Amino acid sequence: MRKRAAVLCGAAVVVAGALTAVPAGASPSPAAEAVPAAKPAWKKCGTTDHPTLQCASLKVPLDHADPGGRQITLALSRVPHTAKTHQGPLLVNPGGPGGSGLTLAGFVASSLPKKVAAQYDVIGFDPRGVGRSTPALNCRPDHFAPVRPDSVPSTGEIERANLARVKAFAENCGKKYASVLPHIDTLSAARDMDAIRRAVGAPKLSYFGYSYGTYLGAVYAKLYPERVRRLVLDSIVDPTGVWYDDNLTQDLAFNDRHRALMAWIAEHDATYRLGTDPERVEARWYAMRAALAKKPAGGKVGASELEDTFMPGGYYNGYWPYLAKAFAAYVNDRDAEPLVETYENFGAVDAAGGNGYSVYTAVQCRDAHWPRDWHEWRSDNWSAYGKAPFMTWNNAWYNAPCAFWPTHSRNPVNVANGQLPPALLFQATDDAATPYQGAAMMHALLAGSRLVVEEGGGNHGITLSGSTCLDGHLSAYLADGTVPRGSGAVDAVCRALPDPKPLSAKAGTGTAHGSTLHGLLGFRG
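Positions -26 to -1, 1 to 499 (mature numbering (1 follows the signal peptide of the UniProt record, and there is no 0)) are the ones given, in order, by the sequence shown.
Right, dumping it as structure tokens:
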């Protein structure tokens, strides 16, 4: 692993030198800085799990270059500090883009050691366009209604049907949110974070982000390096691949992770009776997919919906027992009901998911340049599909609205930074959603950063999820800035947690939504 990391970091240094400068408009706006931010009016909104949680809202400019123009509203949450030692705000973000961070504040505050959490105002927020922030986007509420066309465009008719869907989504977004879409992007979200900092009266902020939230944090640090106190990035986006290349890289990693699930099912053949050979189990999964393409289970789960159902297994192996149980019931017992139930629990998109997806596309399509020629998408994705059939075309259609997006794209931000205090990075070696090379790249670009690796881990989002080794590094850093002092490309290594065990005979078919963290992070983030 150390040798692998060293090779990747070496490549990162070369690429970093070739990156373009920060694009025009990526620097802080002096006009916005001159406008004082109103203090949030915090009100109690505690829950059973998080009784001290408070909520507020904050108005920010739609366009930070025009601070006196149209205002939008951000929804905020906070668990206030209780210790005499106050280390200021700790902003948290679950990724996406499009993920709501309101509940994450309570989770982080309750999951950190009490003596550490008590020193911070842990602040969650719904980024612009998300959840309780206004306006909240929902471009096409029925976009993921089942049964969708098969994701694999094996015929011209299937390809045209999928293209019609993604074009309709982009067109709807343009019609409903024409004045808003040019300002739904990572740069604007980063400036919103600084508006939160000013509103709470803090000279500096600390930040803790997962997944896409790692890119958001790195962009904030690029804009405001002197305002960063502590920076924690977990499951790290490759900042040099946003976003088209990152998605193609993701396809290969998801295929590997899906095969890891097939191998786990083979190891537990006594429970699932799908075979002891992982390749044989995988073949039966694809046979199930082919059958569902012809006759969707329960009129809901076709081939595309099956991929949606199993994709979360690439994010968190705690879902594997539920997926395996539904797979076995369908293949061995011709019982489709568990599969339908598991789809409804893991794969179906509700209203919140529709909002999240709308913001996801708005941010990704605006953040960076995407091919506008569909022939390029077709060529690249068929090439990737030959190596990684599991999620390639499903992922392609998920992102394909960007080929037809109604707003122009920005240049991506060069997040290389030599002005920060040491940042702390966490990464699992076999993460599918944000493959390992992204962490190696970010480690090289953030001078003085420290990288903690979960050796053999495949989950996405690894801190505050059960590893005392990882959480020990996190807690020490947030407590007093302590960072591991390793040598070479990796500064500390933690062992992966063991894979899950099969469900008991009485367990349900997907009623549990994994660990609390992975429920908050969601998927595609």
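All C-beta atoms, glycine included, are put in the ideal place defined by N, C-alpha and C. None of the values given here were measured: they were computed from a predicted structure.
Reference N369, options W356, R247, W379, P380, closest by Cα: Out of W356, R247, W379, P380, W356 has the C-alpha closest to the C-alpha of N369.
Close Cβ partners of W351 (< 8 Å) along its chain, the five nearest in sequence each way excluded: P345, A370, A374, A377
From W16, E241, R106, H157, residue whose alpha carbon lies closest to that of H382: H157
Beta bridge counterpart(s) of R424 as assigned by DSSP: L398
Whole alpha helix (DSSP H) elements within the segment 348 to 421, 4-residue minimum: Counting whole runs of 4 or more residues, the segment 348 to 421 contains the alpha helix (DSSP H) stretches 348 to 361, 366 to 373, 410 to 419.
DSSP state of D37 mapped onto helix, strand, coil: Three-state result, D37: coil.
Neighbourhood of K196 by C-beta distance below 7 Å, restricted to the same chain and skipping five residues each side: V(-5), V387, V389, N391
D208 in three-state terms, based on DSSP: strand
DSSP-derived helix/strand/coil call for P120: DSSP, read as helix, strand or coil, puts P120 in coil.
Sub-9 Å separation of G288 and L235 beta-carbons: yes
C-beta contact flag for Y189 and D168 at 9 Å: no
CB contact flag (I97, I170, <9 Å): yes
Bounding residues of the alpha helix (DSSP H) (the contiguous stretch that carries P252): 252 to 268
Ranges of the beta strand (DSSP E) found wholly within the segment 429 to 470, counting only runs of at least 3: Entirely contained in the segment 429 to 470, the beta strand (DSSP E) runs reaching 3 residues are, in chain order, 466 to 469.
Through-space distance from S31 to A173, alpha-carbon basis: 11 Å
Strand pairing of P63, partner residues [DSSP]: D95
Among P177, A466, K13, the one whose alpha carbon lies nearest that of L398: A466
H38, buried or exposed, once every other Cβ within 10 Å from all chains shown has been counted against 16: buried
Beta-carbon spacing of G328, C113 below 9 Å: yes
Cα-Cα separation, D264 to A119: Per the sequence shown, the amino acid found at residue 264 is Ala instead of Asp. When only Cα atoms are considered, A264 and A119 end up about 20 Å apart.
Collapsed DSSP secondary structure at K141 in the structure displayed: helix
Segment limits, alpha helix (DSSP H) that includes S162: 160 to 173
Span separating the alpha-carbon of A135 from that of R122: The C-alpha of R122 is placed about 9 Å away from the C-alpha of A135.
Beta bridge counterpart(s) of R346 as assigned by DSSP: Partner(s): none; R346 has no beta bridge.
Between the CA atoms of T403 and A478 - distance to the nearest angstrom: Looking at the sequence provided, one finds Ser at residue 478 rather than Ala. Cα-Cα distance, rounded: 30 Å.
Beta-carbon contacts of P63 that lie in its chain and below 6 Å, excluding the five residues immediately before and after: Excluding residues within five positions, the ones whose Cβ falls inside 6 Å are D95, I97, V174, A176, L179.
Buried/exposed call for N433, threshold 16 Cβ in 10 Å: Buried is the call here.
Collapsed DSSP secondary structure at Y151 in the structure displayed: coil
Span separating the alpha-carbon of P409 from that of Q401: 9 Å
Length of the line joining the Cα atoms of A470 and G435: The alpha-carbon atoms of A470 and G435 are separated by roughly 12 Å.
Pairwise C-alpha distance: G455 and D271: Checking the sequence shown, residue 271 turns out to be Ala, not Asp. For A271 and G455, the distance between alpha carbons rounds to 52 Å.
S74 versus G183: straight-line alpha-carbon distance, rounded: 12 Å
Alpha-carbon spacing of G(-2) relative to P35, whole angstroms: Residue placement at G(-2) is poorly supported in this model, since its pLDDT is 46, which falls under 50; the coordinates still yield a value, given next. Going by the C-alpha atoms only, they are around 15 Å apart.
Burial state of N291, where buried means 16 or more other Cβ atoms lie within 10 Å: Classified as buried, N291 has 16 or more neighbouring CB atoms from the shown chains inside 10 Å of its CB.
As assigned by DSSP and simplified to three states, the class of A135: helix
Residue burial classification, H349 (beta-carbon count within 10 angstroms, cutoff 16): Label assigned to H349: exposed.
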